[in-house]
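Input: a single structure, listed below in structure tokens.
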Amino acid sequence: MTTVDYFPIQDLPTELEREIFETAAYMRPSSALDLVLVARKVRTWIQPLIYEMVTLGTDDTSLFLRTMDELPVAFFQQNVKRLCLTVSVEPEAAARILATCSGLQSLACWVDFRAAHPQVQFSPLIASQHLRRLSMEIRHFRQLCRDPLCHGALFRSLTRLDLIYWEPGELAVWELAALPCLTHLCIIIRDLPVTEAYLLSVISMCPSLNVMAVLIDEGADPVPTRDWRIVWLPYPVMVLDWEAPFRGQEDTWSRAEDIVKSRERELANLPRLASRWKLIYFWRFGAQMDLKVLPITWSRHTVAKPELEFTWSLKRSSLHAGRPVPLCARSQENVKR
-13 MTTVDYFPIQ DLPTELEREI FETAAYMRPS SALDLVLVAR KVRTWIQPLI
37 YEMVTLGTDD TSLFLRTMDE LPVAFFQQNV KRLCLTVSVE PEAAARILAT
87 CSGLQSLACW VDFRAAHPQV QFSPLIASQH LRRLSMEIRH FRQLCRDPLC
137 HGALFRSLTR LDLIYWEPGE LAVWELAALP CLTHLCIIIR DLPVTEAYLL
187 SVISMCPSLN VMAVLIDEGA DPVPTRDWRI VWLPYPVMVL DWEAPFRGQE
237 DTWSRAEDIV KSRERELANL PRLASRWKLI YFWRFGAQMD LKVLPITWSR
287 HTVAKPELEF TWSLKRSSLH AGRPVPLCAR SQENVKR
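In this text, residue positions in the sequence shown follow my numbering: the first is -13, and each later residue adds one.
Below is the structure:
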């Protein structure tokens, strides 16, 4: 009979032993609940990882509140870094959770505080956070901006913002001008009508913006825009998309960033392609065109572009003289991905 020699893991240095267990928990998050049962010291290593990202809905909110009663407040302050409160979480429960988890880096708060009676004051609970990412319904965000406390640590640290439109209303978001470090903006409009002028006005209020993702329903027609930072993408499963970066998976932001980087590379080639467009125009219309090249500044990049409309594939049918370049001509392709 073959015998199996088990490696005495307890003989390893404690630092290496801990790294093995933590790596196992990260690679297979579902195994973390089993790993905490191995030994008391393993529990102290793995339990903080379990609560590093918390997503709460109808079924697990009461369980999390019970856990909050069993563990010290400092545990949640130190370990809960990513928190997602879905729309099914009651406002009173959400307020208690936000008050306890005060060390957040990313927060998705989709709770309808307007439905609470008496009214729950959520702004002070979020204003004290040093968030780098925030996802919130637009009216709640406006209420948050009216709190003077938010113009301190919160607004100075926020770099990524998701704004969700639950219902038709005023689309302008003048409050964005108060976010000096905002580099990524996502507007979730679903089936609400928007115009290019609105999108460009939003971008003009964000001096540091690198990417603006606009999420719409699958099959909806995107609005052509001239700004290469605007990316149209299909509406995802919100909770899964929120959790994706923590699990090492692609999310809306990574897809939008890839598209913007691709456009940057194509924009860098525009001066080199200008002479080729002259030849294409001559071949298509049978006459030489006086192609003017105008320097246009987008963000921190200055490129030259001809006054010639074209699609990124440079198809013959796409050439029309006398109009500026629409930089989101591939937006329909992006929506289908």
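We put the CB at the ideal spot given by N, CA and C, even for glycine.
Reduced DSSP category for residue i - H, G, I as helix; E, B as strand; rest coil
i: Met198; result: strand
i: Trp239; result: helix
i: Glu123; result: strand
i: Cys172; result: strand
i: Cys167; result: coil
i: Met13; result: helix
i: His116; result: coil
i: Arg26; result: helix
i: Pro231; result: helix
i: Val59; result: helix
i: Cys131; result: helix
i: Glu252; result: helix
i: Leu84; result: helix
i: Pro34; result: helix
i: Asp244; result: helix
i: Glu161; result: helix
Counted within 10 angstroms of its Cβ, other Cβ atoms place residue i as buried (16 or more) or exposed
i: Trp160; result: exposed
i: Met224; result: buried
i: Trp242; result: This sequence places Ala at residue 242; Trp is not what is there. Result: buried.
i: Asp203; result: exposed
i: Val217; result: buried
i: Val200; result: buried
i: Met326; result: The structure shown has nothing for residue 326, since the chain only spans -13 to 323.
i: His170; result: buried
i: Pro58; result: exposed
i: Glu123; result: buried
Integer-rounded CB distance, given that residue j should sit under 8 Å from residue i
i: Arg142; j: Arg118; result: The Cβ separation is near 11 Å, so there is no contact.
i: Phe232; j: Met39; result: 5 Å
i: Leu140; j: Ala113; result: 5 Å
i: Ala163; j: Met198; result: Actually they are not in contact, since the Cβ atoms of Ala163 and Met198 sit about 15 Å apart, beyond 8 Å.
i: Tyr151; j: Leu178; result: 6 Å
i: Ser187; j: Cys167; result: 20 Å between Cβ atoms; not a contact.
i: Pro210; j: Glu182; result: 7 Å
Bridge partners - residue i, DSSP secondary structure assignment
i: Pro220; result: Ile202
i: Val40; result: Leu69
Range of the contiguous alpha helix (DSSP H) that encloses residue i
i: Asp55; result: 47 to 56
i: Val106; result: From DSSP, Val106 is part of no alpha helix (DSSP H); its letter is neither H nor E.
i: Thr181; result: It is not in any alpha helix (DSSP H) - Thr181 carries neither H nor E in the DSSP assignment.
i: Phe99; result: It is not in any alpha helix (DSSP H) - Phe99 carries neither H nor E in the DSSP assignment.
i: Ser324; result: The chain is shown from -13 up to 323; residue 324 falls before or after that span and cannot be answered.
i: Glu76; result: Taken as a continuous stretch (DSSP letters only), Glu76 belongs to no alpha helix (DSSP H), as it is neither H nor E.
The beta strand (DSSP E) enclosing residue i, as first and last residue numbers
i: Ala94; result: 92 to 95
i: Arg212; result: No beta strand (DSSP E) contains Arg212, which DSSP labels as neither H nor E.
i: Arg146; result: 146 to 150
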